[in-house]
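Q: Residue numbers (the working numbering): 8 to 441.
Dumping the structure here so I can ask a few things about it.
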Amino acid sequence: MSNEKNELMDKIISLCKRRGFIFPGSEIYGGLANSWDYGPLGVELQKNIKNLWWKYFVHGRDDMVGLDAALIMNPKVWEASGHLKEFSDPLVECKKCHTRYRADQMPEKCEQCKGKEFTAAKQFNLMLKTFLGPAEDSSSLAYLRGEIAQSMFVDFKNVLDTMRKKIPFGIASQGKAFRNEITPGNFIFRTREFNLMEFEYFVKESEWETWFEYWRKEMLLWLKEIGADMKKVHEHEIPTEELAHYSRRTIDFEFDYPFGRKELYGLAYRTDFDLKNHMEKSGQDLQYTDAETNETFIPHVIEPTFGLDRSLLVVLLSAYHEEEERIVLKLKPALAPYKAAVFPLLKNKPELVKKAQDIYRNLQKDFNVAFDDRGNIGKRYYSQDEIGTPWCITVDFETLEKDDVTVRDRDTMKQERVKVNKLKEYLKHEQPIS
């Protein structure tokens, strides 16, 4: 990593902590490696990405329904899915200090002790184990889910019976997944506990290529929607010998992070692997019957997977700009933690403060907005620029006479007068989905 790129990553991490986006996990106890907590602004940005994704892929379509499933499932699920057997990484260990590395990311010498001798590679299962009940033995062994996909296969029949959807249709979900990664790192890029957004799209086998191409294009449109720097987005076709055990074709959407070109999203054709295996292992009929042709078959599946944490990181990296006098996050308004900030021109003028508070309370009914009366106006502007607030609203003496305010645009820094009763309409003018 070049010094310039290393500096950018350091600046992003520093901004995230300083302004309340992301904190090191368990920091007062020395932290926990690669554990991160989303702070007051980070949780808003995260929530806005999730909500926009749900509106874009679920509420905005007739062929998608949602699901929120349990984190811990019957262990037989992971046996049927192949995760207990296939979900692993090659592991090597430094013979001198016992530091472990993924075999495909092994350094020339150990980063801890500089030793150069490593053990032969062995497979290391990524599933995180836990126990249910008072006894910690094989009868109470369970796993924190390694992906969120399996619940959508296990509940396929329930969704089909209750929602009466016709193929092609999808089941969407968002939530936590857990992997006992050997070498997590690079801030929130790779962690053992992470957030996913994905859907399983059920199709006829004969139509899988059509739908694969359709969802490939939709994923690129989504990246534009959240403001990703598209010059840094690349598609990588996974070679046949490197495909996951369930996949016949996979494309990785990669991004040029400061630490290199690495995976952002994945698009996989899972065939009928999952439904067929769950049908065989559970004894339940998971076939679909076409009401028009009376044809009965096991659907095939296209799976677009979106990492929420990586989405957030890419949004921050793409939005971060340094200008002569300020740092600014040029976030899409639909994603910004605060839609607007309201200021009284002077803190020591009660009539201005009261009017600003009244406007703030009224806007608060429809938007997440900030109120700030600290320091001078310039400092308040730059403080809001740094966290990505699209508009700053200043209440001045003219407001008391004409009932209008100064609205400043974050990106252009241009100001215009807007009537107080038109503010909500003004803030809504940029639609969240293009």
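Quick reminder that beta carbons are idealized off the backbone N, C-alpha and C, glycines included.
Here the structure is a predicted model, which is why all the values come from computation and not from measurement.
Considering only C-alpha positions, which residue in the set Lys83, Asp17, Trp222 is nearest to Phe313?
A: Trp222
Q: Tell me the DSSP bridge mates of Asp263?
A: According to DSSP, Asp263 shares a beta bridge with Arg268.
Q: So, are the CB atoms of Lys346 and Pro265 less than 8 Å apart?
A: no
Q: Need the endpoints of the beta strand (DSSP E) that Phe30 sits in, please.
A: In the DSSP annotation of this structure, the continuous segment of the beta strand (DSSP E) that includes Phe30 starts and ends at 29-31.
Q: For Glu118 and Glu124, what's the separation of their Cα atoms in angstroms?
A: 12 Å
Q: Could you round the C-beta distance between His285 and Lys211 to whole angstroms and report it? I think they count as a contact, below 8 Å.
A: That belief does not hold up - the Cβ atoms of His285 and Lys211 are roughly 19 Å apart, past 8 Å.
Q: Using the three-state DSSP reduction, which class does Phe163 fall into: helix, strand or coil?
A: helix
Q: Between which two residues does the beta strand (DSSP E) carrying Glu115 extend?
A: From DSSP, Glu115 is part of no beta strand (DSSP E); its letter is neither H nor E.
Q: Tell me, please, which residues DSSP counts as bridged to Lys136.
A: Tyr150
Q: Looking at the secondary structure, which residues open and close the beta strand (DSSP E) in which Arg415 lies?
A: 411-416
Q: Are Trp43 and Ile195 close, meaning C-beta to C-beta below 8 Å?
A: For Trp43 and Ile195, yes; Cβs fall inside 8 Å.
Q: Please look up how many angstroms separate the CB atoms of Asp411 and Lys426, rounded, as I've assumed it's under 8 Å.
A: 5 Å
Q: Quick one: measure Cβ to Cβ for Phe176 and Phe209, integer angstroms, because I've assumed they're closer than 8 Å.
A: 6 Å
Q: Output the boundary residues of the alpha helix (DSSP H) element that contains Met226.
A: According to the DSSP assignment, Met226 belongs to the alpha helix (DSSP H) that extends over 215-232.
Q: If we ignore side chains and look at the alpha-carbon of each, how far apart do Ile440 and Tyr63 end up?
A: Legend: pLDDT at Ile440 = 40, less than 50; position of this residue unreliable, no value from coordinates given.
Q: Per DSSP, Asn202 forms a beta bridge with which residues?
A: Lys183
Q: What are the start and end residues of the beta strand (DSSP E) that includes Arg424?
A: 422-426
Q: Can you grab the Cα-Cα spacing for the pair Gln391 / Thr401, in whole Å?
A: Each residue's CA atom was taken as its position, placing Gln391 and Thr401 some 13 Å apart.
Q: Please list the terminal residues of the continuous beta strand (DSSP E) segment that includes Tyr45.
A: 43-45
Q: Please report the residue range of the beta strand (DSSP E) in which Met71 lies.
A: 71-73
Q: Note down, in chain order, each residue of its chain lying with its Cβ closer than 6 Å to the Cβ of Gly27, except the 5 sequence neighbours on either side.
A: Gly46, Pro47, Leu48
Q: If we ignore side chains and look at the alpha-carbon of each, how far apart do Thr106 and Asp236 end up?
A: 36 Å
Q: Which value, in whole angstroms, describes the spacing of the CA atoms of Gln438 and Pro340?
A: A caution first: Gln438 carries a pLDDT of 45, below 50, which makes its placement in the model unreliable, though a value can still be read off. Whole-angstrom Cα-Cα distance: 9 Å.
Q: With 16 as the cutoff for other CB atoms within 10 Å, does His328 come out buried or exposed?
A: exposed
Q: CA-CA distance, Lys496 and Leu320?
A: For residue 496 there is no data in the structure shown, the boundaries of the chain being 8 and 441.
Q: By DSSP's criteria, Glu405 is part of a beta bridge. Which residues make up the other side?
A: Partner(s): none; Glu405 has no beta bridge.
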